[in-house]
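K.L.:
Supplied in structure tokens, the structure appears directly below.
What follows is the structure, encoded as structure tokens:
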């Protein structure tokens with residue numbers, strides 16, 4: 002059975018917004034849904050290497066989203082501290 006060709010290259014830049022990262026994550030998840038879990042190997046069925054690449058890509062995107070969230074939280078904390086200092 003033939004399966005669609007999956008684009009393994011990221012479609013977002015290193016400075017991607019949260020919206021762009023979420024769209025990329027959705028694209029990767031759509032690709033994962035159509036990939037078979039196992040493929041035939043020389044010694045029998047084995048995990049699909051394309052699936053493993055896409056899972057790594059998902060992890061990378063989630064890590065980037067978490068970093069953005071942490072940066073935003075840190076920036077908000079700095080703003081609150083400055084406002085508290087200026088007001089008091």
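Residue numbers (our numbering): 2 to 89.
Glycine included, every Cβ here is placed at the ideal spot set by N, Cα and C.
For clarity, every value in this text was computed on a predicted model and none was experimentally measured.
#1: By how many angstroms is the C-alpha of residue 41 removed from the C-alpha of residue 72?
#2: If the criterion is Cβ atoms closer than 8 Å, does the pair residue 36 and residue 59 meet it?
#3: DSSP three-state label for residue 33, please.
#4: Runs of 3 residues minimum, wholly inside the segment 21-75: which ones carry the beta strand (DSSP E) assignment?
#5: Report yes if the CB atom of residue 52 is closer than 8 Å to the CB atom of residue 33, and no otherwise.
P.N.:
Taking the coordinates as given:
#1: The alpha-carbon atoms of residue 72 and residue 41 are separated by roughly 44 Å.
#2: It is not a contact, given that the beta carbons lie outside the stated cut-off.
#3: The answer is helix: DSSP assigns residue 33 an H, G or I state.
#4: Listed in chain order, the beta strand (DSSP E) runs fully inside the segment 21-75 are 39-42, 45-48, counting runs of at least 3 residues.
#5: Yes, Cβ-Cβ distance for residue 52 and residue 33 is below 8 Å.
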